[in-house]
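Residue numbers (our numbering): 49 to 448.
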């Protein structure tokens, strides 16, 4: 009826640990995690070491790497603010049309949001990694019963997705430097810390996407198993099968609840950052287009706007798709109840359906009860009003 696979993860004291110590995973699961591990280690979002054995990989938390990452993040923040202040003194900022005090405030807010988010993401890694150990522990319980589906496709998509990001971002940064007219080493020095910090923020959003997608794949495995059994002789379904479905669903919901608690404030910062940049980037694009020195490079801000949209959609859609997959589980279990089942099996299937209705899964953020597509509509409806306010204040402020 369904495939049973060997356990994939083992933890050092998983019930009482306070910080991540070590994880032992087989090569297939590590292979799924690997597309973002090395980039995250380079950018300070994965302070770990790992040792590859014949059939498994041992991942260990490293406090030395973490402390070095925190020091680097603090340096980037100081460097980024210094570069911004230094950049205000050069002529290109004024020549591109940023002459009002509101322009300086908006630019300051833009820079501060990225730099401080970068610092928080790196500093909070021990707490996230400790809870992510619980997430993987619960997902492993599901894997021990039902094989997750589309893992190879997810790995390929993640590799392709990450490569596109890491090609697009350097190209965007290069064009941005040329747009500001600072092609010398001094100009690159002013913007370098900001660009690195922005890359860290984007990479952490990809990490969140990866974790939520892994939970979705386990739900897809449950749905595939139910579909296969509906197509067969349902009268032969045993009581243990329903018990296993309930067990998998409980562990998946526990994993998602842990993801919510782990990324609670982080997702709020991600969504807030996207919102702020979707307000400021179109305004800055308008300022530069209407300035005296308009060139084709000024339209680089169109790419920045597209980037903010992709970031917002990335976070919202993966949560929405996972919830949709869970909704499909409820539908499939309802279809199973309409089939010919043993009396005891039907009773447990009813219990399972009641459990899914009672224990609903949703993705939340700090201050937001639910992360879903309704946020896209809310953001779109409020941004226009802020644009009008910014344009009015910009026309009335005195020049620097």
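Built from N, CA and C at the ideal position, the CB exists for glycine as well.
- Under the three-state reduction of DSSP output, residue 411 falls in the coil class, being neither helix nor strand.
- Setting aside the 5 residues that flank it on each side, residue 193 is surrounded in the same chain by 292, 296, each with a C-beta closer than 6 angstroms to its C-beta; the list follows chain order.
- The region 70-84 makes contact with the region 97-108: 3 or more CB pairs, one atom from each, lie closer than 8 angstroms.
- As DSSP reads the structure, residue 261 sits in no beta bridge.
- CA-to-CA, the gap between residue 110 and residue 155 works out to about 36 angstroms.
- The C-alpha of residue 125 is placed about 32 angstroms away from the C-alpha of residue 99.
- Looking at the DSSP output, residue 108 bridges to 70, 97.
- Taking the C-beta atoms as reference points, residue 393 is found no nearer than 8 angstroms to residue 272.
- Residue 161 and residue 352 have their C-alpha atoms some 15 angstroms from each other.
- Counting other Cβ atoms within 10 Å of its Cβ, residue 115 stays below 16 and is therefore classed as exposed.
- Around the beta carbon of residue 418, a 10 Å sphere encloses fewer than 16 other beta carbons of the protein chains shown; the residue is thus reported as exposed.
- For residue 284, no alpha helix (DSSP H) run applies, since DSSP gives it neither H nor E.
- If you draw a straight line from the Cα of residue 214 to the Cα of residue 243, it is about 12 angstroms long.
- Counting along the chain, residue 344 sits inside no alpha helix (DSSP H), nor does DSSP assign it H or E at all.
- Going by C-alpha positions, residue 187 is about 14 angstroms away from residue 78.
- Its chain contains 348 as the residues whose beta carbon lies nearer than 6 angstroms to that of residue 224, once the 5 sequence neighbours on both sides are disregarded; these appear in chain order.
- Note that the C-beta distance between residue 269 and residue 195 is below 8 angstroms.
- When 370, 379, 247, 282 are compared, the shortest CA-CA separation from residue 318 is found for 247.
- Annotation: residue 398 to residue 381 spans about 9 angstroms, alpha carbon to alpha carbon.
- When secondary structure is reduced to three states using DSSP, residue 198 falls in the coil class, being assigned neither helix nor strand.
- Boundaries of the alpha helix (DSSP H) around residue 321: 312-337.
- Assigned with DSSP and collapsed to three states, residue 366 falls in helix.
- For residue 419, there is no enclosing alpha helix (DSSP H), as DSSP marks it with neither H nor E.
- For the 8 angstroms CB-CB criterion, residue 260 and residue 366 form a contact.
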